[in-house]
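The sequence shown begins at 1 in our numbering and counts up by one.
For each residue, glycine too, the CB sits at the ideal point set by N, CA and C.
Nothing here was measured: the structure is a model prediction, and the numbers come from that model.
Report on the structure given below.
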Amino acid sequence: MSAAPPASSSATKKPRLLVVPHIFAEDISIREIEFARRLTDRFEVFVLKWNDALHVDASSPLKRRLRQFFVAASSAFHSYKTLPLFNGFTPVELPVWQPILLRRLLGLPRAHEFCKTHNRAAFGKVLAAHSISHILYANELFGTGRIPNIRSAFDVVDWFPENEHTSERLAENRANLRRVAENMDAVFAVSEPLCEKLARECSINPLPLPNGADLAKLRSVPAEKSHALRAKLGLENRFVIGYIGNHGPFTGVDLVVNAFLAARNRLPDASLLIVGPAHCWQSLLDNNRDNGVVATGGVSPAEIATYFNALDVGVLAQGITTGTDFAFQIKVVEYSACRKIVVSTPLETWKRLSWPNVLLAEPNPAAWADAFVKARGMAWQSGWDRFVEPYDWSILSGRIADALLAPSAQK
């Protein structure tokens, strides 16, 4: 792969940053895209864009697999295109081979290597065409080798349920991450527990870089807009417990519904609002519509801040695995940015942070019902704002810029 051309000597010219998100999507908040929007004051920012087969939903597993195949196949033969400026950065579309297309034929490790090999040429074209000087990776689809004259960072955005992998596969994952880190000028990880794990098991010392929220946007929703939404949903004068997100099988919607039903005799004016796609929970939600459960399905990103503000209590019901315990759940920050009480399973990050508005309850309906009742008697205290304010995306993006623009060190 060719190196980037020498940077311009002009003092006013910004360095050129290419962001490689773990996926590109416009219907949900994507960590690297949130950072890209806010790094434009220190870089000219370009973001790789492709249709990712993993970001596909459908009403049945078979339909989802078929849609994933067609999305992945079309992505591999997509044309290269630089798009107009969007949110302050320049999206760049390119053909992308995705492992899901070949994993049954080659096995997942070989499928990954095949895709990286075939994606490098398109990646190199982007680097050369836009004179890239810095790269922020959150994805290995394009390779992560060291490139002369380009400073690079890798962002470990999440972890995975280790119980689903063999010990040999876990060892391969750790060795691969060590190789990636050796080629980087900086490594970030999404939570303090994950940073400690990577240091302990992979001999990597990442910089902690948690998820954040757009505090100004979330806090600027007019009260009358939230009231109008509640009226539209039939939630006027109700105590609204809400769960916002993409509700896949690991999100614990069944726990939330069962806890809500268990608490109804103590919270007779309560309603449960499930916001976002929830195909795998649809029958459960449909069966409880007469019991105070309201499900919206997907919601436009432009409107999601209003939904956060329309709640009285926010919930996070993910089960406890290595995939969730080492994560930093963005929803808790977003609920808290809107000054809501939160009920959550006792995940490691939230046990450590111990925010006063976050009630941790063991994952069973009785404990959660008690937490809902306790949350009803709580109110946001003005002093609690200080816990949330360091988690604004703009503040967090500064850590990336500082690391990428720091003087080079020999590796």
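Following the continuous beta strand (DSSP E) through residue 308, name the residue where it begins and the one where it ends. No beta strand (DSSP E) holds residue 308; the alpha helix (DSSP H) holding it covers 304-310.
Check residue 80 in the structure and name its three-state DSSP category. coil
Check the DSSP bridge columns for residue 344 and list the partner residues they point to. 316 and 360
Please determine, among 268, 341 and 194, the residue with the shortest C-alpha to C-alpha distance to residue 348. 194
With DSSP run on the structure shown, which of helix, strand or coil describes residue 166? coil
Residue 401, buried or exposed, once every other Cβ within 10 Å from all chains shown has been counted against 16: buried
Note down, in chain order, each residue of its chain lying with its Cβ closer than 6 Å to the Cβ of residue 90, except the 5 sequence neighbours on either side. 46
Ignore the nearest five residues each way along the sequence and tell me which others in residue 14's own chain have a CB closer than 6 Å to its CB. 43 and 44
Evaluate residue 70 with the Cβ neighbour count: other Cβ atoms within 10 Å of its Cβ, from every protein chain shown; 16 or more gives buried, anything less gives exposed. exposed
Can you give me the Cβ contacts of residue 383 inside the same chain, cut-off strictly under 6 Å, excluding the 5 residues immediately before and after it? none
Please state whether DSSP places residue 353 in a helix, a strand or coil. helix
Going by other Cβ atoms of all chains shown within 10 Å of its Cβ, with 16 needed for buried, is residue 309 buried or exposed? buried
Beta-carbon proximity list for residue 340, same chain, < 8 Å, skipping 5 on both sides: 308, 311, 312, 313, 314, 357 and 380
Residue 324, DSSP secondary structure in three states: helix
Give the range of the beta strand (DSSP E) segment to which residue 16 is assigned. 16-20
In this structure, does DSSP put residue 399 in helix, strand or coil? helix
Contacting residues, own chain, Cβ-Cβ under 8 Å from residue 331 (five flanking each side not counted): 244, 245, 314 and 316
Measuring only the C-alpha atoms, how far is residue 303 from residue 73? 32 Å
Start and end of the beta strand (DSSP E) containing residue 188? 186-189
Report all residues from its chain with a CB closer than 6 Å to the CB of residue 186; omit the five preceding and five following residues, and keep chain order. 153 and 403
Contacts around residue 203, its chain only, beta-carbon distance under 8 Å, and the 5 residues preceding and following it disregarded: 178
As assigned by DSSP and simplified to three states, the class of residue 6: With a pLDDT of 48 at residue 6, under the threshold of 50, the modelled position of this residue cannot be trusted; read the value that follows with caution. Coil at residue 6, not helix or strand.
Could you say if the segment 317-330 and the segment 285-305 meet the contact criterion of at least three C-beta pairs nearer than 8 Å? no
DSSP three-state call for residue 241: helix, strand or coil? strand
Tell me which residue opens and which closes the alpha helix (DSSP H) that residue 336 is part of. 330-337
Length of the line joining the Cα atoms of residue 395 and residue 386: 14 Å
Excluding the 5 residues flanking residue 388 on each side, which residues of the same chain have their C-beta closer than 6 Å to its C-beta? 336 and 337
Could you check the C-alpha separation between residue 266 and residue 373 for me, to the nearest Å? 7 Å
Reduced DSSP secondary structure (H/G/I, E/B, other) of residue 406: coil
With burial defined as no fewer than 16 other Cβ atoms inside 10 Å of the residue's Cβ, what is the status of residue 298: buried or exposed? exposed
Local conformation of residue 118 per DSSP, three classes: helix
Straight-line gap, residue 10 to residue 248 (C-alpha atoms, nearest Å): Because the pLDDT of residue 10 is 44, which lies under 50, any placement of that residue in the model is unreliable, and the number read from its coordinates should be weighed accordingly. So the alpha carbons of these two residues sit roughly 49 Å apart.
Cβ shell of residue 33 (< 6 Å), same chain only, five flanking positions each side left out: 21
For a minimum of 3 consecutive residues, which ranges assigned as the beta strand (DSSP E) are wholly contained in the segment 178-228? 186-189
Contained beta strand (DSSP E) runs [length at least 3] in the segment 32-79, N- to C-terminal order: 44-49
When you compare only the Cα positions, how much space is there between residue 60 and residue 79? 30 Å
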